[in-house]
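Visitor: Using our numbering, the first residue of the sequence shown is number 97, and each one after it goes up by one.
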Amino acid sequence: GAVRGAEMLIGPVASLLMGISQVAVPEAVRARANGRSSLERLCRALSGGLAAVALMWGALVFVVLPHGLGDRLLGEVWPSAHSLLPAVIIGATAGCLHVGPSAGLRALGRADLTLRMQVLVTSTYAVLGTAGAAAGGAGGMVWGTATASCLGAVAWWLALDRAARAALPLPPATALVEPEEVDDRVG
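(1) The alpha helix (DSSP H) that contains H178, what's its start and end?
(2) Which of the three DSSP states, helix, strand or coil, is assigned to I116?
(3) What alpha helix (DSSP H) runs, 4 residues minimum, are completely inside the segment 109-164?
(4) Are there three or more Cβ pairs, one per stretch, closer than 8 Å when the segment 240-254 is compared with the segment 181-191?
(5) Output needed for G191: all residues of its chain with C-beta closer than 6 Å, excluding positions within five of it in sequence on either side, in chain order.
(6) Go through its chain and collect everything with a Cβ distance to V217's Cβ below 6 Å, but skip five positions before and after it.
(7) Once DSSP output is grouped into helix, strand and coil, what is the label at I197?
(8) Measuring alpha carbon to alpha carbon, tell me which of L264, D208, H194, A110 ends up nearest L254.
(9) Assuming A260 contacts L169 under a Cβ cut-off of 8 Å, what Cβ separation, rounded to an integer in Å, is found between them?
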């Protein structure tokens, strides 16, 4: 009950996440047409914006609901759910960080890499959540899944970075090396 109660309180973030995910890929495709910098900027904005909303919503729920609303919403489950909220909020916030790179990989036509990332992140989520539950019950489970979401965010961003570099090299004028150095390396 407590885990489900805490997750239910963060539910509006999940709804927003699903809605944004529907428009993220077409927008990422448009950004891709303008080059890697544009695609990466959009992906950062998507993930950063969603993560900020998740964190703000979570903070609001964590701070406001203890003043009587939590008891009214969840009844006797509230005290246990409230203690799980920090991990659930961190997990939801980290999960929002997956949206940008997921959309970016799809815009790059990398369904293969998107599938691998989904399998990797889902497996990590299952393993760490199960290990956390075995070690610490409900609290261990939510901290395990929050950790998996954080690790998943890192993995998604690394995958997008590698794929974007391969598919969309930066033009020499915006590269980190001087054009002469590029000529020397190529020639």
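All C-beta atoms, glycine included, are put in the ideal place defined by N, C-alpha and C.
Guide: Looking at the atomic coordinates:
(1) 174-192
(2) helix
(3) 132-160
(4) yes
(5) S245
(6) G248
(7) According to the sequence displayed, residue 197 carries Pro and not Ile. Helix.
(8) H194
(9) 43 Å between Cβ atoms; not a contact.
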